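Protein sequence lines, in the order shown, are assigned to chains A, B and C.
Take the first sequence: its position 138, counting from 1, is numbered 130 in the working numbering, and each next residue is one higher.
Take the second sequence: its position 42, counting from 1, is numbered 74 in the working numbering, and each next residue is one higher.
Take the third sequence: its position 89, counting from 1, is numbered 90 in the working numbering, and each next residue is one higher.
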Amino acid sequence: MQRFVKAGITALGFAVLATGAMAADWTPPGPIKLLIGFHAGGGADTQARLIAEELEQRLGWEFVPEQVTGKGGLNLANALKDAPADGTTIGMAVTETLGYNMAASRTNMTPADFTGITTTAGFQMGIVSLSSKGWKSFDEVIAAAKDGAELRFGVMTPKLADLAYLLSKAQGVEFNIVSVKGGKAVMDGVNAGDLDLGFMAGIQAKGVAAGDLVNLASALSEPLEQTPEAPTLKDLGVDYNADGYFVFIGPAGMPEDARNAMASVIGDIVNDPETKAGGLIKKTFGGATTISGEELTKMLASDYDLAGGLLEAASK
Amino acid sequence: MGTLDYIWMGILAVFQGPELFSVLGLPVSVTLVMILAGFLTGIAVGATPGLAGPIAMAIALPILISIFGYTPDALLPVMGFLIGVMKGATIGGAVPAILFNTPGTPDAYMTTLDGYPMTQRGKAGKALRVAHFASASGDTFSDIVLIVCAPFLALLVEAYLDLPEKTALLVLSLSFIAAVIGGSPGKGLISIGLGLLAVYIGTGEDFYPRLSLGTQELSRGFPISTAVLGVLIIGAVLKELQDLWRQKRTIGDVPDYRENGDQRLYWADIRRLMPFVGRSALIGTAIGALPGIGSTLAATLGYTVGRRRYAKVKRPDAPEWGEGASEGIVATEAANSSVSGANLIPVLSLGIPGNAAAVFLILAAESIGGFNPGPSVFRFTEDAVNPELVVAFGLFTAMMIANLMNWTIGGLFMRSMGVMIRIPKHILLPSVLLLTLTAIYVQETRMEAIWFAMGFGVLGYLMRMLGISPLPFVIAFILGGKLEESARQAFAATGGDPWFLFTSPVAALFMAASVAVIVLTQRKPAQTHPRERT
Amino acid sequence: MPRHSKGNLILGICVLGFSVLLLAVWIPMDTDSGLILEVRRQVIIGDALAPTVASLFLLVGGALLVSVERKSMDQPGLSARDMAFVAGLVGIVALSLVVMRHAGPLAVALFAEETAEYRLLRGTAPWKYIGYFLGGTMMIIGMVALVEGRIRLRILVIAAFAVLAMIVLYDLPFEDLLLPPNGDV
């Protein structure tokens, strides 16, 4: 239903554009600083830059991208928190930043300090290994571990480390959980044989399609689009999941018109596979997921609240 | 995808990249134009006393990134430009050394010894031709060694080294660099320690940014460009300005020596010079392949070895060594030029930079993204294309193209660069400082970055005054993150084995070598070679 | 370089002192996790280990200076006069940076319309150039004057041209590059 409505809105947007008027009745009062919480050149960084580029072309808005990486997005949040809330400073992060990371850190930030604008895409978070390892399913991994194999499990965030730990507990095995910097590093480690398996949030799509990599399980609440037969974390006995999205946020107290205008134009772009940004999202994540408005505010708040449970469970 | 396919794709990536314009219906790719632009810039910069290749690289990088964007397509044009600068500056440095007795780059000092006397005898043109010939030969030789060796070394590393061994290798390279740069292992270790400390501020795995003293400013850590440009470039500018002020030296009339007689280079000359070129190129390449030793030592060694041979083969009517012997120029220039290609062997195969130019190539790769110099680059994947490998072969192609430019137009352009000496240094340097700060700002867009860079500049100045080489600092800053990461991973992957650096024979060997290299260099205290100061 | 035969000794002692300070005070007080810690039933390396390794490099380096290398040929020397000169240079840069940061907003407050804000004008000429131009010109003139020991009108013209050239180089061709200080305001 939501996608249907979205398509309607998109069509409406085009109709309005065609008549010559600009799609949004809100225009930024000055150049917009776009804080990007990901390393330059990676998939997420490219996504943010492509969206900004498209917005500049479509609406003539001026963007100034700036990399603010580190601390699981908390550096970005910190830089964004006190910026003016008139839409001249926004940031792109992941929902995990406002959820688990804020809950786990000692900083006093909560999702209430920010305005959620819109998500762009959901992770296709799988547990992945090289197909040359010979594992066809997650059960075979567990069997190998029970046979005494010392398995290295690559993770890129503390939340995922917790999930890997809970997974090992649920299955009665032990993994050597290895934290690396970013999903690309997990993939490199798995490819180089430094890691046996690990979480990948969508970059595995090409390797899985080529048959080099295999999705052993879905770390989401839903099955993976590419490998629907792989079990979810819930199937494997873990009550938490790695559901997460790329999300545009602003400082708390952004005016409604600015928030809605941005959400709608960004939504148009990422939902349109003809744009470079939309095409990238389609290729990596199977399509856009745009959650915005009140629904997004609620989701961010509940992610934050749920994180406490995961932290608690993983500390035992 | 076989090896040959990858080589071919790399070559195509250079020639077929985005087309800038076409000549006689042949498309000219933007990468080719950038290599040429970098090469010419490099010669001009190398020929200007007070400037050097790294300064041009630092200022150009943010501009290039703005032009080409943060996409993998940007890698070859941007890095092609940097490679061009690197090569151009190498031959450019000889120009003021020969014409005005002022080395443009520190490694050209030995060139003045025989180059300037030739100018005084009216043989400036010939001296420049000889220098160019030696430089281009050494450079080309070194590149060939790089192209042959780097992939194999990377494959060996990837096949035989696990996480603990990779950690130990990083420790070994840091300790080696501390020991060999600057001739004082104690000061080298201090330089490394400071570099590591700087990169560990504000970083780490915990959500609390460590060592940030609770401040917002330090909590994001120091951006790599502020540390690198601050210590290497701003520090050098401050030191140079102080020297100028101290000497109160104004550029007076530059003595003008007319050229007389035949300035051409003959086959007979080349045949006579070749043994000197060969020896020096071998020395330079061998030294270049080890991270951190640098072209100044290569030049010194090449010159010394050349002198010994010259004593044996000198014709009675030929000029004395040090009084205008072409062989002296050749021995120096072939050695210092052959460092640059080989210096990329540890960069591309291990991710360990050995000199300032390599530092800037890594900085470019990190800023743009999509290319992480290190063993994983050389993964010859069968089914899917490994884009990093294509970039690596593209870089090799770019180097060979730059060599071709060097052989064809380099000499001509180089001989026209004598005018650069007339640029007043004390006006140029403050402008370089402002340019550097601006370059940092456009990438970081916050004033803090400029303040950090100035802070690192003062540190770089103090290090130079105290005889501490700044290069180990920069290399440690670049490798520090990698060192911590791989140690953490190795530790976690071995299930928390506290002896993970010593349990495998290879790792234990690396660790033993790291200690040995410090102890051994310590035992001969009188190191006399000049320090490399970029 | 003037030879202070005690240069290495003094430097070594300072470095030793600093590394002890790091190991005993700064690192333990200002990191969250220790050298190693146990989470998720696994022992992992903490945030304090890497800086500790860095301080060990300093410690060994300092120890070498006060012992083996104490009498080596290459002794550092700092003269008070040189330091004062470089402090002057850095002071000029710092002052120019302050001008660079605040000149634009000040100009807007004084000369633009009542409601205007520099932040919103940071992409608009001529406002966006004011700080960079004034601060940059001042930086170059100041440094040259300090080296030359006098102020010349010619240098002012050269400096202004150099800064204009930099504006042309960095700002005109690129829409999304911000000259200092326009990313901060």
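For every residue, glycine included, the Cβ atom is placed at its ideal position computed from N, Cα and C.
Remember, predicted model here, so these are calculated numbers, not experimental data.
Excluding five sequence neighbours on each side, which residues of the same chain lie with their C-beta closer than 6 angstroms to the C-beta of residue i?
i, result
"Gly147 (chain B)", "Ala129, Ile130, Ala159, Ile361"
"Ile273 (chain A)", "Ala113, Val262, Ala280"
"Asn9 (chain C)", "Leu66, Glu70, Arg71, Gln76"
When DSSP labels each residue in this structure, what does residue i get in the three-state scheme?
i, result
"Val110 (chain A)", "Residue identity check: residue 110 (chain A) is Thr in the sequence provided, not Val. Thr110 (chain A) falls in the strand class under three-state DSSP."
"Ser129 (chain A)", "coil"
"Glu118 (chain C)", "coil"
"Val391 (chain B)", "helix"
"Ile283 (chain A)", "coil"
"Phe240 (chain A)", "strand"
"Phe145 (chain A)", "strand"
"Leu167 (chain A)", "Checking the sequence, you will find Phe at residue 167 (chain A) rather than Leu. Strand, per DSSP."
"Val464 (chain B)", "helix"
"Phe412 (chain B)", "coil"
"Met309 (chain A)", "Residue coverage of chain A in this structure runs from -7 to 308, which leaves residue 309 (chain A) outside it and unanswerable."
"Lys161 (chain A)", "helix"
"Thr73 (chain B)", "helix"
"Val257 (chain A)", "helix"
"Ala209 (chain A)", "strand"
"Pro77 (chain C)", "coil"
"Pro378 (chain B)", "helix"
"Lys158 (chain B)", "helix"
"Thr80 (chain B)", "coil"
The beta strand (DSSP E) spanning residue i covers which residue range?
i, result
"Glu39 (chain C)", "37 to 40"
"Phe191 (chain A)", "189 to 192"
"Ser61 (chain B)", "58 to 61"
From residue i to residue j, what does the alpha carbon distance come to, in whole angstroms?
i, j, result
"Gln43 (chain C)", "Phe167 (chain A)", "9 angstroms"
"Gln59 (chain A)", "Gln76 (chain C)", "43 angstroms"
"Pro20 (chain A)", "Asp78 (chain A)", "8 angstroms"
"Met101 (chain C)", "Tyr130 (chain C)", "9 angstroms"
"Leu298 (chain A)", "Gly108 (chain A)", "18 angstroms"
"Leu189 (chain A)", "Glu132 (chain A)", "12 angstroms"
"Ser80 (chain C)", "Phe488 (chain B)", "20 angstroms"
"Leu60 (chain C)", "Lys514 (chain B)", "22 angstroms"
"Met30 (chain C)", "Leu245 (chain B)", "9 angstroms"
"Ile156 (chain C)", "Ala113 (chain C)", "31 angstroms"
"Leu195 (chain B)", "Val170 (chain A)", "11 angstroms"
"Ala95 (chain A)", "Thr317 (chain B)", "54 angstroms"
"Leu83 (chain B)", "Gly450 (chain B)", "14 angstroms"
"Leu329 (chain B)", "Asp139 (chain B)", "8 angstroms"
"Ala244 (chain A)", "Met84 (chain A)", "15 angstroms"
"Leu229 (chain B)", "Ile45 (chain C)", "21 angstroms"
"Asp301 (chain B)", "Leu114 (chain B)", "33 angstroms"
Grab the span of the alpha helix (DSSP H) containing residue i for me, first residue to last.
i, result
"Phe47 (chain B)", "35 to 48"
"Glu51 (chain B)", "Counting along the chain, Glu51 (chain B) falls outside any alpha helix (DSSP H), though it belongs to the beta strand (DSSP E) covering 51 to 55."
"Gln554 (chain B)", "537 to 554"
"Lys119 (chain B)", "107 to 124"
"Lys173 (chain A)", "Where Lys173 (chain A) is concerned, there is no enclosing alpha helix (DSSP H), given that its DSSP letter is neither H nor E."
"Thr81 (chain A)", "Run containing Thr81 (chain A): none in the alpha helix (DSSP H); it sits in the beta strand (DSSP E), 81 to 86."
Contact check, residue i vs residue j under 8 angstroms by CB: the rounded distance?
i, j, result
"Val86 (chain A)", "Phe238 (chain A)", "6 angstroms"
"Val120 (chain A)", "Asn207 (chain A)", "6 angstroms"
"Ala389 (chain B)", "Gly170 (chain B)", "The pair is not a contact, with the Cβ atoms about 15 angstroms apart (cut-off 8 angstroms)."
"Arg478 (chain B)", "Asp185 (chain C)", "6 angstroms"
"Glu88 (chain A)", "Thr149 (chain A)", "6 angstroms"
"Phe484 (chain B)", "Gly262 (chain B)", "7 angstroms"
"Leu201 (chain B)", "Phe410 (chain B)", "About 16 angstroms; that fails the 8 angstroms criterion."
Please return the same chain residues whose Cβ sits closer than 7 angstroms to the Cβ of residue i, not counting the five positions on each side in sequence.
i, result
"Asp48 (chain C)", "Thr32, Asp33, Ser34"
"Ala357 (chain B)", "Asp146, Tyr342, Ala350, Pro351"
Would you say residue i lies against chain E (beta-carbon separation less than 8 angstroms)?
i, result
"Pro243 (chain A)", "The question asks about chain E, but that chain is absent: this structure's protein chains are A, B and C."
I'd like the list of long-range same chain contacts for residue i, defined as Cβ closer than 8 angstroms, with 5 residues on each side in sequence excluded.
i, result
"Gly225 (chain B)", "Ala508"
"Ala162 (chain A)", "Leu228, Gly229, Val230"
"Arg281 (chain B)", "With a pLDDT of only 49 at Arg281 (chain B), under the threshold of 50, the placement of this residue in the model should not be trusted; the figure read from the coordinates follows. Excluding residues within five positions, none has a Cβ falling inside 8 angstroms."
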